[in-house]
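A short write-up of the structure that comes next.
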Amino acid sequence: MPRFVLDDTSRPVGPDEDPAGPVPEPRAPFMQRWGVVLAVLALLGALLAGLGWYASIWKQQVWVREVVVSGVSLLDAGELKAYAGDLADRPLQDVDTEELRRRYVSHPYIRSASVTRELNGIVRVHVEERQPLCRLVTDGGVRMIDTEGVVLPVRRVVAVPGRLIEVTGLPVKPAGIGRPATVSGELFEVFNDVLDALRQTAYAGLLVRRITLIDGNKTYFTVAGSQTRFVVGNDGNYKEKLKKFEIFWQKVVSRKGFDSYSSVDLRFHDRVFARENE
560 MPRFVLDDTS RPVGPDEDPA GPVPEPRAPF MQRWGVVLAV LALLGALLAG LGWYASIWKQ
620 QVWVREVVVS GVSLLDAGEL KAYAGDLADR PLQDVDTEEL RRRYVSHPYI RSASVTRELN
680 GIVRVHVEER QPLCRLVTDG GVRMIDTEGV VLPVRRVVAV PGRLIEVTGL PVKPAGIGRP
740 ATVSGELFEV FNDVLDALRQ TAYAGLLVRR ITLIDGNKTY FTVAGSQTRF VVGNDGNYKE
800 KLKKFEIFWQ KVVSRKGFDS YSSVDLRFHD RVFARENE
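Note that this note's numbering has the sequence shown beginning at 560, numbered continuously upward.
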């Protein structure tokens with residue numbers, strides 16, 4: 560016998576309703592929507608192009624009003640400003656920023672430079688100076704070494720942080736095309752280690768005037784007003800050796816006077832060997 564299923568879930572249709580159900584709203588065709596997007600993008604592109612064209616025209620009418628140099632702490636700001644040459648009253652658009660940057664980095668005491676043009680007529684130069692580390696004494700005279708081992712000519716600088724120690728015995732690698740003269744290698748590492756230890760002492764750093772670097776564990780330093788050689792070698796542990804130097808200076812040198820000894824050997828643990836002048 561056939562089975563019948565009664566579906567009584569439907570509800571009565573109201574007088575204001577369409578028996579066929581709500582009619583869906585028509586959806587914009589796919590190409591029509593993309594057409595709107597492309598039109599907006601085209602409008603933005605035209606606007607940006609117009610602004611760029613207007614800015615280029617406006618730049619041509621802007622003249623260099625001033626050269627501002629920043630990042631200067633050691634060198635004379637007036638000297639560096641003169642490196643820019645006579646840019647005043649020139650069209651801002653004609654300023655070659657790359658050529659001007661190369662001009663600044665050719666200065667031996669400038670590590671890097673950047674140049675920007677501002678729409679108010681200012682050419683802004685920011686420099687990074689080389690930081691002098693010590694004075695290098697060689698047969699050819701006295702030069703400077705910066706913290707990266709670059710050899711610099713001696714010149715007057717506005718402000719050098721602290722007193723610069725003299726150093727001898729560092730081999731110099733000659734300058735090449737586009738490359739400055741430098742010092743490097745094991746002896747330069749020894750010098751940096753000794754210098755770092757001096758910065759951590761109570762007053763040895765105030766006394767030491769020159770460090771002489773010698774291969775074979777024979778590096779020594781001298782102090783102001785004395786020819787006595789205080790041997791620290793090349794094998795490290797300089798902080799302890801400088802501590803022994805300070806004790807020796809307080810207990811012996813202060814009592815016997817300068818130049819009582821030709822050399823004082825600080826290389827041995829818990830011992831100091833001093834040789835008196837003959």
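Note that the Cβ used here is the ideal one computed from N, Cα and C, for glycine as well. Bear in mind that the values here come from a model prediction, so they are computed numbers and not experimental data.
One question on the structure: do residue i and residue j come within less than 7 Å of each other, judged by their Cβ atoms?
i	j	result
valine 709	valine 731	no
leucine 910	arginine 702	Nothing about residue 910 can be reported from this structure: the residues present for the chain run from 560 to 837 only.
aspartate 824	valine 782	no
threonine 675	arginine 662	no
leucine 646	valine 627	no
glycine 784	phenylalanine 807	no
histidine 685	serine 629	yes
alanine 672	arginine 660	yes
asparagine 776	aspartate 752	no
Locate the alpha helix (DSSP H) running through residue i, then write down its first and last residues.
i	result
valine 749	745 to 758
glycine 637	636 to 641
isoleucine 669	Unbroken run through isoleucine 669 is the beta strand (DSSP E), 669 to 676; no alpha helix (DSSP H).
valine 811	It is not in any alpha helix (DSSP H) - valine 811 carries neither H nor E in the DSSP assignment.
For the beta strand (DSSP E) containing residue i, name the first residue and the last one.
i	result
phenylalanine 780	779 to 782
alanine 833	832 to 835
valine 710	710 to 712
Between which residues of its own chain and residue i is the CB-CB distance below 6 Å, once the five residues before and five after are set aside?
i	result
arginine 649	Val623
phenylalanine 780	Val767, Ile770 and Phe789
In the DSSP assignment, what are the bridge partners of residue i?
i	result
tryptophan 622	Pro650
proline 691	Asp705
glutamate 725	Arg694 and Arg769
lysine 820	In the sequence under discussion, the amino acid at residue 820 is tyrosine, which differs from the lysine named in the question. Tyrosine 820 pairs with Glu835.
lysine 732	Thr741
In chain order, what residues of the same chain lie with their CB nearer than 7 Å to the CB of residue i, ignoring the 5 residues before and after it?
i	result
alanine 734	Ala740
phenylalanine 747	Gly708 and Leu729
arginine 830	none
phenylalanine 804	Ala763, Phe789 and Leu825
leucine 723	Pro691, Cys693 and Arg694
For residue i, does the count of other Cβ atoms within 10 angstroms reach 16, so buried, or fall short, so exposed?
i	result
glutamate 643	It is alanine, not glutamate, that sits at residue 643 in the sequence shown. Flag for alanine 643 reads buried.
tyrosine 797	buried
alanine 598	exposed
aspartate 705	buried
asparagine 542	Absent from the structure is residue 542, since the part of the chain shown begins at 560 and ends at 837.
alanine 756	buried
Identify, in the order they occur along the chain, each residue of the same chain with its Cβ nearer than 8 Å to the Cβ of residue i, setting aside the five sequence neighbours on each side.
i	result
glycine 744	Pro730
methionine 560	Low confidence applies to methionine 560: its pLDDT is 47, below 50, so where it sits in the model is not reliable, and the reading given next is rough at best. Closer than 8 Å at Cβ, skipping near neighbours: no residue.
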